[in-house]
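**Q**
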Amino acid sequence: MKVGLTYDLRSWYLDRGYSMEDTAEFDKQDTIDAIDEALQKMGFETEKVGNCFQLVEALAEGKKWDLVFNIAEGLYGDGRESVVPAILDQYKIPYVFSGPVILGVSLNKYLTRLIVSAAGVPVSPGMLISETRDILRCTLEYPLFIKPVSEGTGKGINEKSLVHNSEEFKEMAEWILNDFNQPAIVEEYLPGREFTIGITGTGEESVAIGGMEIECRDNMPYSVEVKEAYWDFCKYIPLPADAEEECYSVALKAWKALGAVDAGRVDLKADKNGRICFIEVNPLAGLHPVHSDLPMLAKMYNIEYQQLMEMIMKASLKRNKLSI
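Position in the sequence shown (from 1) plus 1244 gives the number in our numbering.
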């Protein structure tokens, strides 16, 4: 079986003048090489395709694959993660991980919370800030936490994201609206423990493979700067027994409500009463074998990188009704 790999290589964009911030969500070559090697060990014939521009060129040349392993994040707009799977759908080429609708909804944290809360998943009270005057409608209880509605990898989160009054709220809302050119989502701050849960599978066959608690030094927010140097700022702990059942239940309920497939991560945090609440879902979780959260937490449960990749492929092949 021939498997194409679609991805956004950070160096490809940096070489073309894009900034470090523009490319914060993109992958390094060693991530692509690790995925490629794992797939080849499973017996797949692989081809490194690249980003959406390179995919279009390859398709125009008549290239085809039996399956595409897609981790392309996209570059612009709130539908950027949906571009590659949408193109593949038009060519009737199956792919690993969620489709364009799920990726588009999941990137928008406000739409995501509407769906999961409707399914009975606990979320912190919150609202969307589309323009500055929306602040006047806010009746949420301080402190609040504010961030861009459609960013990943902690972009737009910093030490000012936790706001304690209307002036701080206004300052951060205006910064997000102007600098990120998108709405902000604001929620009542969740002061409790923070967790991330790894999931593989689809629908009723989805399983939580493990999780970890994230402790940031000096209660720092889990920003892009913190994530890129996590060894200096964070401590990752295997999911404590007292939180396991509730975390797994909330994460799986959110995963199924959104219709995410194959594998990913669900981020959770406890409120002031200790109740576990949904924060966001990542249906295109990072897959660097050493530094990404999903492989890291899997290893805590004796699931090595190769085994994790096999679990992902097994789920995708079954969902797409394919066999090697």
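Built from N, CA and C at the ideal position, the CB exists for glycine as well.
Pull up the distance between the alpha-carbon of P1465 and that of S1405, whole angstroms please.
**A** 8 angstroms
**Q** Indicate the three-state DSSP secondary structure (helix, strand or coil) for V1365 in the structure shown.
**A** coil
**Q** Going by other Cβ atoms of all chains shown within 10 Å of its Cβ, with 16 needed for buried, is F1389 buried or exposed?
**A** buried
**Q** Considering only residues of the same chain and omitting the five flanking positions on each side of A1504, which have a CB-CB separation below 6 angstroms?
**A** S1342, I1346 and P1527
**Q** Is the beta carbon of E1325 less than 7 angstroms from the beta carbon of L1351?
**A** yes
**Q** Does the pairing of the region 1491 to 1498 with the region 1276 to 1284 give three or more beta-carbon distances under 8 angstroms?
**A** no
**Q** Can you give me the C-alpha to C-alpha distance between L1552 and E1411, rounded to a whole angstrom?
**A** 46 angstroms
**Q** In angstroms, rounded to a whole number, what distance separates the CA positions of G1445 and S1536?
**A** C-alpha separation (whole angstroms): 19 angstroms.
**Q** With contact counted as at least three CB pairs below 8 angstroms, one residue from each stretch, are the region 1451 to 1470 and the region 1392 to 1402 in contact?
**A** yes
**Q** Below 8 angstroms on the Cβ atoms is my contact criterion, and I expect I1453 with A1542 to pass it. Report the Cβ-Cβ distance as a whole number of Å.
**A** 6 angstroms
**Q** Within the same chain, show all residues whose beta-carbon is closer than 6 angstroms to that of M1555, passing over the 5 residues directly before and after it, in chain order.
**A** T1444
**Q** To the nearest angstrom, how far is it from the Cα of G1442 to the Cα of F1424?
**A** 29 angstroms
**Q** Could you tell me the alpha carbon to alpha carbon distance between G1348 and A1316, rounded to whole angstroms?
**A** 13 angstroms
**Q** Does the beta carbon of L1358 fall short of 6 angstroms from some heavy atom of the ligand GDP?
**A** Only the bare structure without any ligand can be found here, which leaves the ligand GDP out of the picture.
**Q** Let me check understanding here. Comparing Cα to Cα, which of L1332, M1286, M1540 and E1459 lies closest to E1301?
**A** L1332
**Q** Who are F1439's beta bridge partners in DSSP?
**A** DSSP, once it has assigned bridges, lists E1457 and L1512 as partnering F1439.
**Q** If you run the structure through DSSP and keep just helix, strand and coil, what is M1371?
**A** Three-state result, M1371: strand.
**Q** Taking the continuous beta strand (DSSP E) assigned at I1481, which residues delimit it?
**A** Its beta strand (DSSP E) spans residues C1478 to P1482.
**Q** Residues in its own chain within less than 6 angstroms of E1291 by CB, not counting five upstream and five downstream?
**A** These residues qualify, in order along the chain: G1248.
**Q** Among the candidates P1539, I1520, V1470 and C1521, whose CA atom is the shortest distance from the CA of A1529?
**A** P1539
**Q** Identify, in the order they occur along the chain, each residue of the same chain with its Cβ nearer than 8 angstroms to the Cβ of A1559, setting aside the five sequence neighbours on each side.
**A** Taken in chain order, the residues that qualify are T1444, G1445, T1446, E1449, V1505, D1506 and A1507.
**Q** Could you give the distance in angstroms between the alpha-carbon of C1642 and the alpha-carbon of V1393?
**A** The structure shown does not extend to residue 1642, since the chain is modelled only from 1245 through 1568, so no value can be given for it.
**Q** Quick check on K1353: buried or exposed, where buried means 16 or more other Cβ atoms within 10 Å of its Cβ?
**A** Classification for K1353: buried.
**Q** Among the candidates V1340, K1246 and T1275, whose CA atom is the shortest distance from the CA of R1254?
**A** Minimum Cα distance to R1254 is reached at T1275.
**Q** Can you tell me whether E1385 is helix, strand or coil according to DSSP?
**A** coil
**Q** Can you tell which of V1328, E1289 and L1311 has its C-alpha closest to the C-alpha of Q1298?
**A** V1328
**Q** By the three-class DSSP mapping on this structure, what secondary structure does E1291 have?
**A** strand
**Q** With distances taken from CA atoms, which of K1246, T1250, E1548 and F1270 is nearest Y1257?
**A** F1270
**Q** Report the CB separation of E1432 from E1385 in whole angstroms; it is logged as a contact under 8 angstroms.
**A** Contact between E1432 and E1385 holds: their C-beta atoms lie close to 6 angstroms from each other, under 8 angstroms.
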